[in-house]
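Student: There's a structure below that I have some questions on.
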Amino acid sequence: MARPWYGSPRSPTSADALRFAGLDWTVRQEPVYNSRGGVIKGYKSNVRDTDGNVLGIVGDRYKVVQNTDAFNFTDDLIGGDVRYETAGSLREGRQIWLLAKMPERKIAGDDVEPYLCFTNAHDGSGAVRACMTPIRVVCNNTLNAALSSAKRSWSTP
Numbered sequence: 007m008a009r010p011w012y013g014s015p016r017s018p019t020s021a022d023a024l025r026f027a028g029l030d031w032t033v034r035q036e037p038v039y040n041s042r043g044g045v046i047k048g049y050k051s052n053v054r055d056t057d058g059n060v061l062g063i064v065g066d067r068y069k070v071v072q073n074t075d076a077f078n079f080t081d082d083l084i085g086g087d088v089r090y091e092t093a094g095s096l097r098e099g100r101q102i103w104l105l106a107k108m109p110e111r112k113i114a115g116d117d118v119e120p121y122l123c124f125t126n127a128h129d130g131s132g133a134v135r136a137c138m139t140p141i142r143v144v145c146n147n148t149l150n151a152a153l154s155s156a157k158r159s160w161s162t163p
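Residue numbers for the sequence shown follow the numbering used here, beginning at 7 and rising by one.
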């Protein structure tokens, strides 16, 4: 399964970051069936295309945000000088994250390395979210710390 990827001296493109982190797959939606083979109305399963693993059962109105779209959004949000630091998935791909390093700043005389953290849940458990954080995300604990302590964040269901 996907492994977290930690940046290298060479700044990758968003496509490289997806590949390095093992996130270069898409999610397709399939019907959900009951034990008799009948379709359960109002629900769909989000399935990873590379291996058929079900990432979550969601309502009919749920719209998939593909990993490539998430990274492209971040490219557009930041502009031309994006430097991806880390990217990865949690819970077997149900949640993904990417972290882009922003230009260093001085605050009260100290160098601060700000990051833009983007996360998405393919299981329907959370919104698409972006936040500014000084925390370098490398695992679930640091992701939770970054999201819970962020002073600036944006999300959409």
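Just so it is clear, CB atoms sit at the ideal spot from N, CA and C, and this is done for glycine as well.
Source: prediction; values computed, not measured.
So, for Ala136: in the same chain, excluding its five sequence neighbours on each side, which residues have a beta-carbon less than 6 Å away from its beta-carbon?
Tutor: Counting only Cβ-Cβ distances below 6 Å, and skipping sequence neighbours, we find Phe124 and Trp160.
Student: Could I get the ranges of all uninterrupted beta strand (DSSP E) runs contained in the segment 95–141, with 3 residues as the minimum, in chain order?
Tutor: Runs of the beta strand (DSSP E) inside the segment 95–141: 101–107, 111–113, 116–118, 121–127 and 134–139.
Student: Do Val64 and Glu36 come within 9 Å of each other at the CB atom, strictly closer than that value?
Tutor: No; because the gap between Cβ atoms is not below 9 Å, this pair is not in contact.
Student: According to DSSP, is Ala27 helix, strand or coil?
Tutor: In the structure shown, Ala27 sits in coil (DSSP, three-state: anything other than H, G, I, E or B).
Student: In terms of residues, what are the limits of the beta strand (DSSP E) holding Thr162?
Tutor: Unbroken beta strand (DSSP E) run through Thr162: Arg158 to Thr162.
Student: Identify, in the order they occur along the chain, each residue of the same chain with its Cβ nearer than 6 Å to the Cβ of Ala152, setting aside the five sequence neighbours on each side.
Tutor: Cβ neighbours of Ala152 beyond the five flanking positions: Cys123, Thr139, Ile141 and Val143.
Student: Give me the Cα-Cα distance between Asn147 and Asp66, rounded to the nearest whole angstrom.
Tutor: Spanning the two alpha carbons is a distance of roughly 31 Å.
Student: Does the beta-carbon of Glu119 have 16 or more other beta-carbons within 10 angstroms, so that it is buried, or is it exposed?
Tutor: Flag for Glu119 reads exposed.
Student: Name the two residues that bound the continuous alpha helix (DSSP H) containing Asn146.
Tutor: Per DSSP, Asn146 belongs to the alpha helix (DSSP H) from Asn146 to Ser155.
Student: Can Ile102 and Asn73 be called in contact, C-beta distance under 9 Å?
Tutor: Contact: yes.
Student: So, is Thr92 buried or exposed, given that buried needs 16 or more other C-beta atoms within 10 angstroms?
Tutor: Burial call: buried.
Student: Would you mind stating whether Ala76 and Asn126 have Cβ atoms separated by less than 9 Å?
Tutor: Yes, the pair counts as a contact, with Cβ atoms nearer than the cut-off.
Student: Identify every residue that forms a DSSP beta bridge with Ala76.
Tutor: DSSP lists no partner for Ala76.
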